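Everything below concerns the one structure shown next.
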Amino acid sequence: MIFAGGRKYVSLQKHSKLIIFRLSDMATNSLVSIDDISKEEILRILSAARYFEQNPNHKLLDGRVVATLFFEPSTRTRLSFETAVNRLGGRVIGFSDPAVTSTSKGETLKDTIIMVSNYVDLIIMRHYLEGAARYATEVTDVPILNAGDGANQHPSQTLLDLYSIYKTQGRLDHLTITMVGDLKYGRTVHSLLMAMRYFNPTFRFVACPELQMPQEYKDFCDKNGIAYTEHTDFSEAVIDTSDIIYMTRVQRERFTDIMEYERVKDLYTLHNSMLENSRQNLRILHPLPRVNEIDRDVDDNPKAYYFQQAKNGLFARQALICRALGIEVPAVNNI
Ligand code: CP
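Written out as structure tokens, the structure is:
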């Protein structure tokens, strides 16, 4: 064992070079917003994700228990986090439906978090309220990983997105990224935009007026010197000059007016024929689930990368869990 900063770490002496996920001035390594972590930390997490892609079954969580508290539906995020814990040799408790918990009897989020903190070493939480994950960090010392809070942030998705971009492009710098669809409520595009500030991107925002990128994120671009243009047309000119096209689902669950959802839900659909003159290196990403925004005829195009992207989530989340628990991860070549 290695002891550092009063905390105990699993030693991996057989590996000569180690990445140490530890923020020395913090009691825990929660991840609530992608804005909470530096460029160096992002790159270390991506390097660790690469390690886990090569070594998915590494029993680093022996004796650890992790809770997955999902107050909103999920397929990929919950199952990949739970798979990550299992592949790391830990145990998982939790729920995917708050209706079967004492929340349905009126128990508050605060009390729920305090209770679960009695049992586990780490809490992974998705909640429909923006700010819920931040609030959770204020009522417990157990680290919190935000698995999505309302329309706000989805930082673990961002890390798998960055890993996918790096794997497909060979770099993160100087890429033209086109975000399409629901840019208002899509938390994945908000997190990704913020993380890309370190990598000199050019953004294209393609959305109808009702679902445009919120002003606060455009202000963020301005403040960080990030170039962006806004479009209502998903045109050939935009597609053919993109390195990444990031499609998004219109988030029905965030609309208060269902008629407005019906009006905008099918405005942007990517078809295979639209990719005819696209760049060789173009890759199509989508956080999934998709509804109608990517036609099934795109799935067999080698530029379609959304299913592999979801698979990358397992490795990125293994890295994040280790970071949260202060567990050292052997290094592979740095990203
Ligand atoms: N991308 C994503 O968050 O998918 P799930 O809602 O299925 O977890």
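For the sequence shown, this note's numbering gives the first residue as 4, with consecutive numbering after it.
By construction, the Cβ of each residue, glycine as well, lies at the ideal position given by its N, Cα and C atoms.
Since the model is a prediction, treat every value here as computed from it, not as a measurement.
So which of 210, 254, 189 has the shortest CA-CA distance to residue 235?
210
DSSP beta-bridge partners of residue 156
152
From residue 28 to residue 184, what does the alpha carbon distance come to, in whole angstroms?
Bear in mind that the predicted position of residue 28 carries a pLDDT of just 40, short of 50, making it unreliable; the figure below should be weighed with that in mind. Residue 28 and residue 184: Cα-Cα distance of roughly 40 angstroms.
beta-carbon residue 291 near the ligand CP non-hydrogen atom, thresh 8 angstroms
yes
Given 8 angstroms as the limit, tell me if residue 160 has its C-beta closer than that to any heavy atom belonging to the ligand CP.
For the ligand CP, at least one heavy atom lies less than 8 angstroms from the Cβ of residue 160.
Between the CA atoms of residue 279 and residue 94 - distance to the nearest angstrom
47 angstroms
Which residues share a DSSP beta bridge with residue 288?
Beta-bridge pairing by DSSP links residue 288 to 249.
For residue 173, count the other beta carbons within 10 Å of its own beta carbon; 16 or more makes it buried, fewer makes it exposed. Which is it?
Flag for residue 173 reads exposed.
Whole angstroms is fine: what's the gap from residue 196's alpha carbon to residue 96's?
32 angstroms
Let me confirm a value: residue 114 is counted as buried when at least 16 other C-beta atoms fall within 10 Å, else exposed. Which label applies?
exposed
7 angstroms CB neighbourhood of residue 63 in its chain, flanking five on each side removed:
The beta carbon of residue 63 is closer than 7 angstroms to those of 13, 91, 92, 325, 330 in its chain, skipping five residues each way along the sequence.
Return yes when at least one heavy atom of the ligand CP lies under 8 angstroms from the C-beta of residue 151, else no.
Proximity of the beta carbon of residue 151 to the ligand CP is indicated: a heavy atom of the ligand is located closer than 8 angstroms.
Between residue 207 and residue 181, how many whole angstroms is the CB-CB distance? I'm expecting something under 8 angstroms.
Taking the Cβ atoms as the reference, residue 207 lies roughly 4 angstroms from residue 181, within the contact range of under 8 angstroms.
Residues in the same chain with beta-carbon distance under 8 angstroms from residue 293, minus the five sequence neighbours each way, listed in chain order, please.
250, 252, 309
Span of the alpha helix (DSSP H) around residue 52:
42 to 57
Could you check what DSSP says for residue 26 in three-state terms: helix, strand or coil?
Its pLDDT being 35, under 50, residue 26 is placed unreliably by the model, and the measurement read from it follows with that caveat. In this structure, residue 26 counts as coil in the three-state DSSP scheme.
Specify the secondary structure class of residue 85 as computed by DSSP and reduced to three states.
helix
Residue 126 and residue 87 closer than 9 angstroms at C-beta:
no
Can you say whether residue 323 is buried or exposed, counting buried as having 16 or more other CB atoms within 10 angstroms of its CB?
buried
Here's a check: name, in chain order, each residue in its chain whose Cβ is nearer than 8 angstroms to the Cβ of residue 30, leaving out the five neighbours to either side.
With a pLDDT of 43 at residue 30, under the threshold of 50, the predicted position of this residue should be treated as unreliable, and no value is reported.
Beta-carbon separation of residue 55 and residue 317 under 9 angstroms?
yes
In this structure, does DSSP put residue 212 in helix, strand or coil?
helix
Going by DSSP in three states, residue 5 sits in which element: helix, strand or coil?
Only weak support exists for where residue 5 lies, its pLDDT of 33 falling under 50; the coordinates are left without a value.
Sort out for me which residues DSSP pairs residue 70 with in a bridge.
Per DSSP, 96, 126.
Are there 16 or more other CB atoms within 10 angstroms of the CB of residue 285, so buried, or fewer, so exposed?
buried
For the beta strand (DSSP E) containing residue 231, name the first residue and the last one.
230 to 234
CB residue 84 to CB residue 162, shorter than 9 angstroms?
With respect to the 9 angstroms criterion, residue 84 and residue 162 are not classified as neighbours on the basis of their beta carbons.
Start and end residues, beta strand (DSSP E) containing residue 183
179 to 183 is the extent of the beta strand (DSSP E) around residue 183.
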